[in-house]
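Structure first, then comments.
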Amino acid sequence: MAENSDTKTDPVFIRIENVTKKFGSFTAVDNVSLDIGRGELFALLGGSGCGKTTLLRMLAGFEAPTSGRIMIDGQDMTGVAPFDRPVNMMFQSYALFPHMSVEKNVGYGLKHENMTDAQRKDRVRELLDMVQLTQFAARKPHQLSGGQRQRVALARALAKSPKVLLLDEPLGALDKKLREQTQFELMNIQDRLGITFIVVTHDQEEAMTLADRIAIMDRGVIRQVGTPTDIYEFPNSRFTADFIGSINLFDGTVAAIKAGKARITAPAAGCALEADTRYGLSTGDKVSVAVRPEKITISRGKPRSTAVNAVQGEVLDLGYFGKDSLYRVKLASGALVRVSKVNDQRLSEADRQVDWEDKVWLSWDARSAIVLPEERP
Amino acid sequence: MQKRSVFILSVLCFGFAFLYVPILIMMAYSFNASRLATVWGGFSTEWYGKLLQNDQVIDAALLSLRIAVVSATFATILGTLAGLTLARLGRFKGRTLFSGMISAPLIMPDVITGLSLLMLFVSLETLIGWPSGRGANTVTLAHITFSMAYVAIIVQSRLTSMDQSVEEAAMDLGSTPLRVLWDITLPIIAPAMISGWLLAFTLSLDDLVIASFTSGPGGTTLPMLIFSKVKLGVTPDINALATIIVCIVTLGVVLAGILMMRSERQRQLDEQRAQAEAAAPQPGIA
Ligand SMILES: Nc1ncnc2c1ncn2[C@@H]1O[C@H](COP(=O)(O)OP(=O)(O)OP(=O)(O)O)[C@@H](O)[C@H]1O
Ligand SMILES: [Mg+2]
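Protein chains in written order, with this note's numbering: chain A, 75 to 451; chain B, 8 to 293.
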């Protein structure tokens, strides 16, 4: 008991320690270590087949790690059966019980709970209220629409007030509008109940809106963990930089380092570039300079001479998206650079300042660019 | 277009005639007043009356029903267990052998099944004194053995097509594997078990060969009785008996069809309603 109260103050609530899962000779999850805090909304983001579901299933207890261990609330989960874990899961396919009504589905987890029939009924009603399905209580799952089924699955997974809720692509089957609406509902519910949520998704926008922190997975390995801002503004590798949003990369070598800034000779840019660096670099290292399209200023005239990173090119393509425009600019070296510009003034087509085949200057601040180490294969 | 539909229609008529004319002829002759099977001697229900007074026939029919019910029930239980094992135990050593052996009775000729079961019963009797003699019990055991395979196959195919995450969800919500089986798996595969039971029931009711091998005194099933009677020549009371069986079977099939159609229509209505409501604005928010 004393131990238990100790762990309550521990910010680390779920600890995944060097967990590896092999199916035969294939490694689905490769030496993953993660700490997740109490009440956090944590997203696992990655492409198809990278091991997200497998990691989630190990947390729920449906798969046993080949090596490593998982601790939840200070308790080692090795050998603990799924029905004994303080964890509930919302399945990718919803997995509703087809032969039970909505009410019975939601109340199923309460059957073994120590409560009277009246208490159980109240709890089910409360949950159905929360997901706005009270008038569908007597329906069977096949009599519901996709969005309603998704809400039944959520209510059922929340019924036992688990310490951790695992959600495997919870919004995968919904259309875009319903998706956005449900994202906010999920965040509200999580905020109100204070349960730790681990959400699996392959949709980067969804991860960015939902999560407190995101882990980027790639072929069984965690590539980066951080807040959405961290991951977007300070990617630690070309992989994450490319995976989240779009980015321009200039390969080059470090020429000099001075006061947290690196000077890089980048043949593709046609000149030396200056950028912030977070990593221990030394002169001569092969690196990439990464700049997000919206951090680049596009102009017809030469920028003020104080701008360090300025390159010249020709507009190859122009896309108008209403709130912003996207330019593709071809540099003298042949490299293509994407630039986006917010349309903060109302201009007709004739007034457009930069047009097709215009010669333009691109410039950006040293602080807006980031230096990434060369990708390990 | 016109020609083709005439052709198709005549093929259809021919096909149906092929299937049903023999049965209709048999039914017609069951009302024949003449004792001779091939001569029409006027309308009469005499043979039905005779049939109902024939204790031998009634006893055989009741025995057949009893054997069919008991063997179908046991075959369903054992077959379901086998199906569960095949579908859910994953890869265990000898799985291929096990599944092959389960389905062997499906392709084994009845004569061989019957003969080998007879050998088994005889040698068991000499070894441990059980079963003492052959009769209804040994027929029941034999029927369980061969119809179990059918149930196992039906149940297994239902289980493999079933979404396994439903079972995981129940376990995730705190149910032990045994509870999951009872609460979730069995209700979901119940329709497959019922069709397995019905199949086992008809297989048992229908079987002549295996029953002939494994039966003994006091174990004459209806097919055995009919067959032995027919050996002495077809009599109109057998036609009457066959007519009654055909009528009962038809009634059963029609009833099952109506029930299935009704629930299907209900389901479609429900789904339409759900979609309409999902499309309409939610009443709770206004
Ligand atoms: N039971 C299993 N046996 C063998 N290989 C498996 C098993 N489960 C998963 N895998 C493999 O492990 C890898 C990771 O699978 P996983 O389901 O975790 O992917 P995921 O990240 O959830 O992908 P998705 O976004 O498509 O759902 C895949 O290559 C898959 O083929
Ligand atoms: Mg998955």
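Positions of the beta carbon are idealized from the N, C-alpha and C atoms, including for glycine.
Point to revise | Same chain, Cβ closer than 8 Å to A:Thr208, five either side skipped, listed in chain order | key: Stepping through the first sequence from its first residue, residue 208 of chain A is reached at position 134. Same-chain partners within the cutoff: Arg199, Leu202.
Point to revise | Length at least 4, wholly inside the region 132 to 218 of chain B: the alpha helix (DSSP H) runs in chain order | key: 143 to 168, 172 to 179, 184 to 187, 193 to 213
Review point. Along chain B, which residues have their Cβ under 9 Å away from the Cβ of A:Gln217?
Key: The sequence position of residue 217 of chain A within the first sequence is 143, counting from 1. Residues of chain B passing the Cβ test: Arg274, Asp277, Glu278, Arg280, Ala281.
Practice item. Answer with yes or no whether the minimum CB distance from B:Met115 to chain A is below 9 Å. Key: As a first step, residue 115 of chain B is located in the second sequence; it is residue number 108 there, counting from the start. Answer no: the Cβ-Cβ gap between B:Met115 and chain A never drops below 9 Å.
Review point. Is there at least one Cβ from chain A nearer than 9 Å to B:Cys20's Cβ?
Key: Along the second sequence, read from residue 1 onward, the residue named residue 20 of chain B stands at position 13. So no, B:Cys20 is outside the interface.
**Study point:** Proximal residues, the region 158 to 192 of chain A versus chain B, C-beta separation under 7 Å
**Key:** Asn162, Met163, Phe165, Ser167, Ala169, Phe171, Pro172, His173, Tyr182, Gly183, His186
Check your understanding: Rounded to whole angstroms, how far is the Cβ of A:Ala329 from the Cβ of A:Ala343, which I believe are closer than 8 Å?
Key -> Taking the first sequence and counting its residues from 1, the one referred to as residue 329 of chain A is at position 255. Taking the first sequence and counting its residues from 1, the one referred to as residue 343 of chain A is at position 269. No, A:Ala329 and A:Ala343 are not in contact; Cβ-Cβ is about 13 Å, not under 8 Å.
Exercise for review: Using beta-carbon positions only, say whether B:Met155 and B:Ala207 come within less than 9 Å of one another.
Suggested key: On the second sequence, residue 155 of chain B is found 148 positions in, with the first residue counted as 1. On the second sequence, residue 207 of chain B is found 200 positions in, with the first residue counted as 1. Cβ atoms of B:Met155 and B:Ala207: closer than 9 Å.
Review point. A:Phe97: beta carbon under 8 Å from a heavy atom of ligand 1?
Key: To locate residue 97 of chain A, count along the first sequence from 1; it is residue 23. Yes, ligand 1 has a heavy atom inside 8 Å of this Cβ.
Check your understanding: Between the region 245 to 274 of chain A and chain B, which residues of the former have a C-beta closer than 8 Å to a C-beta of the latter?
Key -> none
Practice item. At 9 Å on the CB atoms, spell out the chain B contacts of A:Lys234, in chain order. Key: Locating residue 234 of chain A in the first sequence gives position 160, where the first residue counts as 1. Contact of A:Lys234 with chain B by beta-carbon distance below 9 Å involves Leu180, Gly181.
Point to revise | Lining residues of ligand 2 - beta-carbon closer than 7 Å to any non-hydrogen atom, in sequence order | key: Going along the chain, the residues that qualify are A:Lys126, A:Thr127, A:Gln166, A:Asp242, A:Glu243, A:Val274.
Point to revise | DSSP bridge partner residues for A:Pro447 (one or two, in chain order) | key: Taking the first residue of the first sequence as 1, we reach residue 447 of chain A at position 373. Note: A:Pro447 sits in a beta bridge opposite A:Val361.
Check your understanding: Within 9 Å (strictly less), CB to CB, does B:Val162 reach chain A?
Key -> For this step, residue 162 of chain B is matched to residue 155 along the second sequence. So no, B:Val162 is outside the interface.
Exercise for review: List the residues of chain B that A:Ala134 touches, going by C-beta distances under 7 Å, in chain order.
Suggested key: Stepping through the first sequence from its first residue, residue 134 of chain A is reached at position 60. By Cβ distance, chain B contributes Asp179.
Check your understanding: Can A:Lys404 and A:Leu390 be called in contact, C-beta distance under 9 Å?
Key -> Locating residue 404 of chain A in the first sequence gives position 330, where the first residue counts as 1. Locating residue 390 of chain A in the first sequence gives position 316, where the first residue counts as 1. Note that the C-beta distance between A:Lys404 and A:Leu390 is below 9 Å.
Check your understanding: Any beta-carbon of chain B closer than 9 Å to the one on A:Pro484?
Key -> Any answer about residue 484 of chain A is impossible in this case: the structure gives chain A only from 75 up to 451.
**Study point:** Contact between the region 32 to 51 of chain B and the region 240 to 249 of chain B (3+ Cβ pairs under 8 Å)
**Key:** Contact holds: three or more Cβ-Cβ distances are below 8 Å.
Point to revise | Pairwise C-alpha distance: B:Phe153 and B:Tyr1 | key: This structure leaves residue 1 of chain B out entirely; chain B is present only between 8 and 293.
**Study point:** Closer than 7 Å at the beta carbon, the chain A residues around B:Ala176
**Key:** Walking along the second sequence from the start, residue 176 of chain B turns up at place 169. Residues of chain A whose Cβ lies closer than 7 Å to the Cβ of B:Ala176 are, in chain order, Phe165, Ala169.
Practice item. Could you have a look at B:Tyr55 and say whether DSSP puts it in helix, strand or coil? Key: For this step, residue 55 of chain B is matched to residue 48 along the second sequence. Looking at B:Tyr55 - three-state DSSP - the assignment turns out to be helix.
Exercise for review: Just the C-alpha distance for B:Ile251 and A:Leu248, rounded to the nearest angstrom, thanks.
Suggested key: The count along the second sequence starts at 1 and reaches residue 251 of chain B at position 244. The count along the first sequence starts at 1 and reaches residue 248 of chain A at position 174. Taking C-alpha positions only, B:Ile251 is separated from A:Leu248 by approximately 56 Å.
Practice item. Check the C-beta distance from B:Pro28 over to B:Gly86 and give it rounded, since I have them as a contact under 8 Å. Key: Position 21 of the second sequence, counting from 1, holds the residue named residue 28 of chain B. Position 79 of the second sequence, counting from 1, holds the residue named residue 86 of chain B. It should be pointed out that residue 28 of chain B corresponds to Val in this sequence rather than to Pro. 37 Å between Cβ atoms; not a contact.
Review point. What does a CB cutoff of less than 7 Å around A:Thr83 pick up in its chain, not counting 5 residues either side in sequence?
Key: Taking the first sequence and counting its residues from 1, one reaches residue 83 of chain A at position 9. In this prediction, A:Thr83 has a pLDDT of 42, which is less than 50 and means its spatial position is unreliable; what the coordinates show is noted afterwards. Cβ within range, chain order: n/a, list empty.
Review point. Helix, strand or coil: which one does DSSP assign to A:Ser373?
Key: For this step, residue 373 of chain A is matched to residue 299 along the first sequence. Correct three-state label for A:Ser373: strand.
Check your understanding: According to DSSP, what are the bridge partners of A:Lys214?
Key -> Taking the first residue of the first sequence as position 1, residue 214 of chain A is located at position 140. None, per the DSSP bridge assignment.
**Study point:** 8 Å contact criterion, which A:Val226 and A:Val176 should meet: CB distance rounded
**Key:** Taking the first sequence and counting its residues from 1, one reaches residue 226 of chain A at position 152. Taking the first sequence and counting its residues from 1, one reaches residue 176 of chain A at position 102. About 5 Å separates the two Cβ atoms, so the contact holds.
Exercise for review: Go ahead and label A:Glu243 buried or exposed: buried means 16 or more other beta carbons lie within 10 angstroms of its beta carbon, across all protein chains shown.
Suggested key: In the first sequence, residue 243 of chain A corresponds to position 169, counting from 1. By the 10 Å Cβ count, A:Glu243 comes out buried.
Check your understanding: Short check: CB of A:Val106 to CB of A:Val238, under 9 Å?
Key -> Counting from one through the first sequence, the residue named residue 106 of chain A turns up at place 32. Counting from one through the first sequence, the residue named residue 238 of chain A turns up at place 164. Taking a C-beta distance under 9 Å as the contact criterion, A:Val106 and A:Val238 do not qualify as a contact pair.
Review point. Cβ of A:Phe100 versus every heavy atom of ligand 1: is any distance shorter than 8 Å?
Key: If you number the first sequence from 1, residue 100 of chain A lands on position 26. The closest heavy atom of ligand 1 lies less than 8 Å from the beta carbon of A:Phe100.
Review point. Which partner residues of B:Thr83 appear in the DSSP bridge assignment?
Key: Here the question's residue 83 of chain B lines up with position 76 in the second sequence. In the DSSP output, where bridge partners are listed per residue, B:Thr83 has none listed.
Check your understanding: Between the region 357 to 377 of chain A and the region 428 to 447 of chain A, do three or more beta carbon pairs fall short of 8 Å?
Key -> yes
Exercise for review: Using only the heavy atoms of ligand 1, determine whether one of them is closer than 8 Å to the beta carbon of B:Cys20.
Suggested key: Here residue 20 of chain B is taken as the residue at index 13 of the second sequence, counted from 1. Outside the cutoff, so no.
Review point. Taking the DSSP output, what are the residues bridged to A:Ala384?
Key: By one-based count along the first sequence, residue 384 of chain A stands at place 310. DSSP lists A:Ser437 as partners of A:Ala384.
Exercise for review: State the Cα-Cα distance for the pair A:Arg197 and A:Leu184, rounded to the nearest angstrom.
Suggested key: Working through the first sequence from its first residue, we reach residue 197 of chain A at position 123. Working through the first sequence from its first residue, we reach residue 184 of chain A at position 110. C-alpha separation (whole angstroms): 9 Å.
**Study point:** C-beta atoms of B:Phe105 and B:Thr120 nearer than 9 Å
**Key:** Along the second sequence, one-based indexing puts residue 105 of chain B at 98. Along the second sequence, one-based indexing puts residue 120 of chain B at 113. With contacts defined by Cβ atoms closer than 9 Å, B:Phe105 and B:Thr120 do not form a contacting pair.
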